[in-house]
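Below is one structure, written out as structure tokens; comments come after it.
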Amino acid sequence: MKPTQQKQFDKASFQDSVKKHLSATYATTIETASERQWYLAMGRALAELTTFDLLATEADERIKKAKSVNYLSLEFLIGRLTGNNLISMGLYEQITEAMAELGHNLTDLLEEERDPSLGNGGLGRLAACFMDSCAAQEYPTVGYGLHYEYGLFKQSFKDGRQQEAPDAWSGVEGYPWEVARPELAQEIGFYGHVEVVSENGKEVRKWVPGMTVKAMPWDLPIVGYESNTVYPLRLWECKAIAPFSLASFNNGDYFEAQHALIDAGNITKVLYPNDNHEKGKTLRLMQQYFHSAASVRDILRRHEAAGYTLASLPKQETIQLNDTHPTIAIPELMRILMDEKGMSWDDAWAISSKTFAYTNHTLLPEALETWPESLIQRLLPRHMEIIFEINHRFLQEVRAMWPGDGEKQAKLSIIQEGFHRMVRMANLCVIGSYAVNGVAALHSQLVKKDLFPEFDAMYPTRLHNVTNGITPRRWLKFCNPGLSALITEKIGNEWPAKLEQLEGIAQFADDAEFQKEYMAVKKQNKQRLADWVSDNMGIELDTNAIFDVQIKRLHEYKRQHLDLLHVLALYHRLLKDPSFDMVPRVVFFAAKAAPGYHLAKEIIFAINKIAEKVNNDPRIGGKLKVVFIPDYRVSMAEIIIPAADVSQQISMAGKEASGTGNMKMALNGALTIGTMDGANVEIREEVGDDNIYIFGLDVDGVKRVKAAGYNPYDYYNADPLLKSSLDLLLGDEFTPGKPGLLRATYDSLLDGGDPYLCLADFASYVEAHEAMDAQYRDQAGWAKKAILNTALVGKFSSDRSIRDYVNNIWKLEAVSR
7 MKPTQQKQFD KASFQDSVKK HLSATYATTI ETASERQWYL AMGRALAELT TFDLLATEAD
67 ERIKKAKSVN YLSLEFLIGR LTGNNLISMG LYEQITEAMA ELGHNLTDLL EEERDPSLGN
127 GGLGRLAACF MDSCAAQEYP TVGYGLHYEY GLFKQSFKDG RQQEAPDAWS GVEGYPWEVA
187 RPELAQEIGF YGHVEVVSEN GKEVRKWVPG MTVKAMPWDL PIVGYESNTV YPLRLWECKA
247 IAPFSLASFN NGDYFEAQHA LIDAGNITKV LYPNDNHEKG KTLRLMQQYF HSAASVRDIL
307 RRHEAAGYTL ASLPKQETIQ LNDTHPTIAI PELMRILMDE KGMSWDDAWA ISSKTFAYTN
367 HTLLPEALET WPESLIQRLL PRHMEIIFEI NHRFLQEVRA MWPGDGEKQA KLSIIQEGFH
427 RMVRMANLCV IGSYAVNGVA ALHSQLVKKD LFPEFDAMYP TRLHNVTNGI TPRRWLKFCN
487 PGLSALITEK IGNEWPAKLE QLEGIAQFAD DAEFQKEYMA VKKQNKQRLA DWVSDNMGIE
547 LDTNAIFDVQ IKRLHEYKRQ HLDLLHVLAL YHRLLKDPSF DMVPRVVFFA AKAAPGYHLA
607 KEIIFAINKI AEKVNNDPRI GGKLKVVFIP DYRVSMAEII IPAADVSQQI SMAGKEASGT
667 GNMKMALNGA LTIGTMDGAN VEIREEVGDD NIYIFGLDVD GVKRVKAAGY NPYDYYNADP
727 LLKSSLDLLL GDEFTPGKPG LLRATYDSLL DGGDPYLCLA DFASYVEAHE AMDAQYRDQA
787 GWAKKAILNT ALVGKFSSDR SIRDYVNNIW KLEAVSR
């Protein structure tokens, strides 16, 4: 272990600091403080340690001289920081003891922390894992995100329907781990016009914004595992520059007095506003530009403060764009270099095009961002000029490569022609970056073959693969202490930083004693989840049942409705087929549907109504339970994932870029039932065919079925079990006295054309589940497969992902502190 705070920890001083924060920060006393106030005071005391190291890391001359990566993401789903930071700091046991002496249980205090709600799902969670792995391996990094006042939303259910409430994640007291950095604030403009001015005898274009706001940075500490390195996750909050007009107030116009404050505050008010209307679209683009502009300015500030020339920017900094959301950073850097720093186009482009790298996260055409040209023109007039110029020069390259091919020009152009001309952000990213990567081997191959084949032909060395990963510190050591202790007992304690060492437990896969210990840990984790469900939902669960889990964003391509169909099939068979025998099963769902996504919300409603009936039907003898856990978030995943027996990864092949829930559950000893999609392909390669349950059409099979003219009615009419299961949605079986309430899901799968081929994959899916059911009856055989899943997925550490970025794209050197 490197020298850490652990060596310097002074228990008495820490306890004094906690008590000081109770009185000085939270105005309470030891006798009257609530559990939440104790948590907040403890958090502040710990944050003092990390802030000291954050500033020391920032000031380290070796880090200033080293090349850094700047990770730009509009989402960072970091989860609760306290427990994870204690593990990285090597202080978990000491703080447990220190707080116990003050009369408090650390586990209970950790429950007081609300997850910082700064992301939607996988994209934001990946960004969090990557920050953790950069810090763990000490590659100089700054993360840049937005300080949303309200997170995605708090989800609850009312009569089975999703309800959305604001998620004020930092609470009225603020978040103990964040530290304000007002000295690093930036001014950001919007709207306005472009003027031509004369400078040094030449005409230059200048943007004159019509509205200016302040970007106020808050730093969250990303603590290196067992080191003194702490990197910042810098989150920008939007503030008005002149927030209050005293003159207007004194004249009685109270609203006008606060007008600037209200306008500015909206920009970082809510994570991803519902953008299915024009105002929402404007606000979303304002968020993207505000984030990108503040981050680019901060990067240039650091670069110049370290004494470097602008020409050396690509040697010292990489700006990694996590998806297309920060794309506007490309024309922003060009604007600054030309308009503010006086560079020529060629000199500015030579710098900019070697500084940006772009991660593509989707093959769904509708998810590739486009913006109305008119909106960018109005909000960011100078940027639109620069985008036109980038496109003009790029299309000259296209014409040189494919002379006279108008189709190629139309397809590759940043500007998509049509009634409303649109700006294609993914095309701008590929053109303006020196490296583009997909996030799983299959995904990257499809990016080259199907999504960007012409770009691959033009820039044959630009497209890479970096398979995603997860941090083993949070997703095994912290969330599954029982299994972590068992692994450490067998192979030592280095594995959280060297996950490939887990292969060492494969030798115990056939060991009856180890199997027993391993399954005992799984049983404890199932009990913990069952207790949570009992306490919070009033549903009693049998921990001898198979815990069958699907947790991810609610989207048709992820096919929660295929899982629902399987539940209906089991229910139908239990009721109608006396010879049908199944191991008791609990099917878990946890997912949020975007507020404007009607069908996704209908699928949630259908699952909840089915659960109500199934869970209370005495005819099936408790053989089947369905649990839809509300308000899915990182801290909930930390309870569900260690308890999973079965991991559902059932997206239609060719649609999921990677997935990381598949990695988390396999690492914690769940067996995957999945399609040949995303990282499932590579998980299969690692764990072997015998230890994963693959079903359904592969990418080529999907193409063949669609090309032949897919008709879901063919499958519906040919498969009696499928027909009987689907037909259960039509009557009032689950909505007594109100037939047809669940019709939306039924219609989407038949008259809606079943775009994600649920019915085509249904029979194969049922077979795979039957094979799992049979295997679960042989507990020794199941334990062996589960152990091998844990042992053989070391590749999927985000530490390895980051090393791939470092070696192939970023070219960084670690700086050990």
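In my numbering, the protein residues as written are 7 to 823. For every residue, glycine included, the Cβ atom is placed at its ideal position computed from N, Cα and C. On a predicted model such as this, the values are computed, not experimentally measured, just so you know.
Under the rule that 16 or more other beta-carbon atoms within 10 Å means buried, what is residue i, buried or exposed?
i	result
H153	buried
Y603	buried
Q11	In this predicted model, Q11 has a pLDDT of only 41, less than 50, meaning its place in the structure is not dependable; the value taken from the coordinates is given anyway. Label assigned to Q11: buried.
L736	exposed
L818	buried
Y699	buried
N206	exposed
G109	exposed
T368	buried
F362	buried
S74	buried
Q43	buried
Hey, out of the options, whose CA is closest to residue i's CA?
i	options	result
K71	W175, R308, R479, E117	R308
S79	R591, A769, C135, F553	C135
T218	A491, A512, I273, V539	I273
Y762	D22, E67, L370	L370
G230	T147, E189, S162, Q294	T147
L748	D757, G758, E54, L734	L734
L732	I334, D165, A750	A750
P276	A174, S233, V593	It is Val, not Pro, that sits at residue 276 in the sequence shown. Checking every option, the nearest Cα to that of V276 belongs to A174.
G475	T467, S490, A446	A446
L132	H398, S380, T473	T473
V708	G684, G746, L727, D767	D767
S359	H389, G424, C435, M642	C435
L385	Y145, A246, G198	G198
Can you give the Cα-Cα distance for residue i and residue j, rounded to whole angstroms?
i	j	result
I793	I647	15 Å
N328	D225	19 Å
S94	Q100	13 Å
V202	E209	6 Å
N433	A713	27 Å
M682	S664	11 Å
A780	V573	17 Å
E692	T549	29 Å
K13	Q143	Any answer about K13 is weak, because its pLDDT of 49 lies below 50 and its placement is not dependable; what the coordinates show is given next. When rounded, the distance between both Cα atoms is 20 Å.
S23	I610	46 Å
L505	S803	6 Å
G758	S822	57 Å
T457	M340	Sequence inspection shows Leu at residue 457; the Thr mentioned does not correspond to that position. So the alpha carbons of these two residues sit roughly 27 Å apart.
How far does the beta strand (DSSP E) with residue i in it reach, from first residue to last?
i	result
Q169	167 to 171
N674	Careful: N674 lies outside any beta strand (DSSP E) and carries neither H nor E.
V200	199 to 205
L226	217 to 229
C764	First-last for C764: 764 to 782, but that is the alpha helix (DSSP H), not the beta strand (DSSP E).
L630	630 to 634
So residue i is in the alpha helix (DSSP H); what residue range does that whole segment cover?
i	result
C435	431 to 438
W213	Here W213 belongs to no alpha helix (DSSP H); instead the beta strand (DSSP E) covers 208 to 214.
N76	From DSSP, N76 is part of no alpha helix (DSSP H) but of the beta strand (DSSP E) over 74 to 78.
R399	387 to 407
T57	41 to 65
C135	128 to 143
P461	Going by the sequence as given, residue 461 is Phe instead of Pro. 459 to 464 is the extent of the alpha helix (DSSP H) around F461.
Q513	First-last for Q513: undefined, no H or E at that position.
N686	686 to 693
Q14	11 to 14
S29	17 to 30
So, are the CB atoms of residue i and residue j less than 9 Å apart?
i	j	result
I194	C244	yes
H669	I689	One detail in the question is off: residue 669 reads as Met in this sequence, not His. Closer than 9 Å, so yes.
L755	P718	yes
R480	S123	no
R240	L190	yes
Q169	K598	no
F586	I613	no
R303	Q383	no
Going by the C-beta, is residue i closer than 8 Å to any heavy atom of the ligand SAM?
i	result
G800	Among the components of this structure there are no ligands whatsoever, and the ligand SAM is therefore not found.
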